[in-house]
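So the protein lines, in turn, are chains D and C.
Sequential numbering from 0 applies to the first sequence in numbering that gives the first Met the number 0.
Sequential numbering from 0 applies to the second sequence in numbering that gives the first Met the number 0.
Note that CB positions come from ideal geometry on N, CA and C, so glycine has one too.
Note that the coordinates shown come from a computational prediction; the quantities given were computed from them, not determined experimentally.
As structure tokens, the structure follows; a few thoughts come after it.
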Amino acid sequence: MATKMISLNLGTVLGDPPEYSTGWYKDPITGQLYYYDATTMKWYIYAAGVLQPLSIAEQSAPKQVNIKAGDSLKISISYKYAGPAVTGVIEYFSIGIKGVTGYGPKLVGQNSRNLPICGSPTTFTAEKTLLIPTSVEEDWQHIECKVYHGSPSVPETGLRYINALVVVGIEAKITEFTIVDYVKA
Amino acid sequence: MAVSGKISKKELEYDGNRASIPTSSVPKGKSGLVHVWGRNDTTEAQQLGIAWAVIDPDGVARENYGAWESWPYTGAGKEHEFIGGRFSLDKAGTWRLNAYLYMDPSNPTIVDRYEGTLCVVVSAEPEVTLFQILDYVVT
Numbered sequence: 000m001a002t003k004m005i006s007l008n009l010g011t012v013l014g015d016p017p018e019y020s021t022g023w024y025k026d027p028i029t030g031q032l033y034y035y036d037a038t039t040m041k042w043y044i045y046a047a048g049v050l051q052p053l054s055i056a057e058q059s060a061p062k063q064v065n066i067k068a069g070d071s072l073k074i075s076i077s078y079k080y081a082g083p084a085v086t087g088v089i090e091y092f093s094i095g096i097k098g099v100t101g102y103g104p105k106l107v108g109q110n111s112r113n114l115p116i117c118g119s120p121t122t123f124t125a126e127k128t129l130l131i132p133t134s135v136e137e138d139w140q141h142i143e144c145k146v147y148h149g150s151p152s153v154p155e156t157g158l159r160y161i162n163a164l165v166v167v168g169i170e171a172k173i174t175e176f177t178i179v180d181y182v183k184a
Numbered sequence: 000m001a002v003s004g005k006i007s008k009k010e011l012e013y014d015g016n017r018a019s020i021p022t023s024s025v026p027k028g029k030s031g032l033v034h035v036w037g038r039n040d041t042t043e044a045q046q047l048g049i050a051w052a053v054i055d056p057d058g059v060a061r062e063n064y065g066a067w068e069s070w071p072y073t074g075a076g077k078e079h080e081f082i083g084g085r086f087s088l089d090k091a092g093t094w095r096l097n098a099y100l101y102m103d104p105s106n107p108t109i110v111d112r113y114e115g116t117l118c119v120v121v122s123a124e125p126e127v128t129l130f131q132i133l134d135y136v137v138t
């Protein structure tokens with residue numbers, strides 16, 4: 000088994016989207032093994048001898064976009080669908096933060112749509128415009144999009160771009176101001 | 000001898016269901032069976048023959064069937080039903096049927112043909128692949 004190291008240039012503006020070839024990859028920090036199928040662009044996590052699909056894949060963003068309060072951020076997605084007709088599929092778009100507990104959405108938009116019966120993988124596209132609120136924080140740097148839900152239920156499938164956004168124009172502010180002490184000098 | 004005939008009807012049977020060919024929305028995993036009727040358009044009894052291939056979405060022939068009907072042969076204006084063998088509809092996508100109706104086994108002549116969609120097989124479970132974020136821009 001040939002294992003490759005995942006190379007994530009976090010915090011770096013990349014010229015092109017990262018392209019992975021089919022094969023095994025190892026997270027250099029955690030040692031976790033992953034398998035990538037380039038044909039379907041799906042990631043799998045290897046645990047206890049079993050490959051499980053990774054419903055939300057995570058990648059370095061191919062570019063960084065500056066955003067500020069009042070901006071409208073338009074996000075476009077595409078995916079291929081095959082299967083029976085589905086009603087009420089949710090196309091989910093979000094920007095958010097990433098901490099020790101994982102990704103946390105801060106601004107969410109979604110579409111609901113019906114998918115027709117598709118005998119072979121058929122491409123669908125969607126877009127959503129998110130209005131950046133005045134409460135935007137510096138760490139709203141990431142984008143996560145996915146499709147899920149519906150009847151019959153579509154398995155959650157999506158993608159997260161890390162460091163896709165740079166929040167600019169946030170005014171300097173002072174918080175937690177206290178007088179620490181006062182003594183006779 | 001002038002021969003003339005038509006493929007007058009064709010049906011796909013899958014797990015107890017019957018539908019005209021081309022058939023849409025066949026659930027993946029069913030067992031398929033092709034029925035083709037040939038009609039004798041001449042003024043006297045004819046021995047009808049058939050040949051067909053069932054081709055899956057990857058272009059693989061999954062059933063090759065051929066037969067001449069046995070005596071008594073098909074009378075003028077009458078039909079004869081040919082029934083093939085079973086095959087598994089185990090791939091989602093468009094399946095094709097190439098069928099040829101013959102007469103005169105001493106000098107086999109194609110009198111009619113159908114080269115087209117057999118059915119569209121769909122996955123029983125929804126499946127999403129190739130999910131991409133195409134772009135994100137400030138507008």
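Under 7 Å between C-beta atoms of residue i and residue j
| i | j | result |
| --- | --- | --- |
| SER77 of chain D | THR128 of chain D | no |
| GLU80 of chain C | TRP36 of chain C | yes |
| TYR24 of chain D | LEU50 of chain D | no |
| ILE142 of chain D | ALA163 of chain D | yes |
| ALA44 of chain C | ALA52 of chain C | no |
| LEU96 of chain C | GLY4 of chain C | no |
| ILE161 of chain D | SER75 of chain D | no |
| GLY83 of chain C | VAL2 of chain C | no |
| GLU57 of chain D | ARG159 of chain D | yes |
Buried versus exposed call for residue i [16 or more other C-beta atoms within 10 Å across all chains shown]
| i | result |
| --- | --- |
| SER105 of chain C | exposed |
| ILE20 of chain C | buried |
| PRO125 of chain C | buried |
| TYR181 of chain D | exposed |
| ILE109 of chain C | exposed |
| LYS183 of chain D | exposed |
| PRO178 of chain D | The question names Pro, but residue 178 of chain D is Ile in the sequence shown. Burial call: exposed. |
| LEU47 of chain C | buried |
Three-state secondary structure (DSSP) of residue i
| i | result |
| --- | --- |
| TRP192 of chain D | Residue 192 of chain D lies beyond the range of chain D shown here (0 to 184); nothing can be said about it. |
| SER105 of chain C | coil |
| THR121 of chain D | strand |
| ILE178 of chain D | coil |
| PRO52 of chain D | strand |
| GLU10 of chain C | strand |
| GLY14 of chain D | Residue placement at GLY14 of chain D is flagged as unreliable, the pLDDT there being 41, under the threshold of 50; the coordinate-derived value follows with that caveat. Looking at GLY14 of chain D - three-state DSSP - the assignment turns out to be coil, as it is neither helix nor strand. |
Top-ranked residue by Cα proximity to residue i, from the options
| i | options | result |
| --- | --- | --- |
| ASP36 of chain D | D:GLU175, D:PRO27, D:GLU18, D:THR29 | D:GLU18 |
| TRP139 of chain D | D:GLY87, D:ILE116, D:VAL153, D:VAL166 | D:VAL166 |
| ILE6 of chain C | C:ALA75, C:ASP111, C:VAL127 | C:ASP111 |
| TYR45 of chain D | D:GLU155, D:THR86, D:LEU53 | D:LEU53 |
| CYS144 of chain D | D:LYS67, D:LEU106, D:ILE66 | D:LEU106 |
| ILE96 of chain D | D:GLU136, D:ASN65, D:ALA81 | D:GLU136 |
| ASN110 of chain D | D:ILE116, D:GLY118, D:PHE92 | D:PHE92 |
**Prompt:** Using a beta-carbon distance cut-off of less than 7 Å, what residues from the stretch 3–28 of chain C approach chain D?
**Reply:** SER24
**Request:** May I ask you to list, following chain order, the residues of the stretch 69–99 of chain C that have a beta carbon less than 7 Å from some beta carbon of chain D?
**Result:** ALA91, GLY92, THR93
**Request:** Return the residues of the stretch 107–134 of chain C that lie within a Cβ-Cβ distance of less than 9 Å from chain D, sorted by chain order.
**Result:** CYS118, VAL119, VAL120, VAL121, SER122, ALA123, GLU124, PRO125, GLU126, VAL127, THR128, LEU129, PHE130, GLN131, ILE132, LEU133, ASP134
**Prompt:** In chain order, what residues of the stretch 64–84 of chain D put their CB closer than 8 Å to some CB of chain B?
**Reply:** Annotation note: the requested chain B is absent from the structure, which comprises protein chains D and C.
**Prompt:** Listed from N- to C-terminal order along the chain, which residues in the stretch 131–162 of chain D have their beta-carbon within a distance smaller than 8 Å of any beta-carbon of chain C?
**Reply:** ILE142, CYS144, LYS145, VAL146, GLY149, PRO151, SER152, VAL153, PRO154, THR156, GLY157, LEU158, TYR160
**Item:** Near-chain D residues of the stretch 53–64 of chain C (beta-carbon distance less than 9 Å), N- to C-terminal order
**Value:** PRO56
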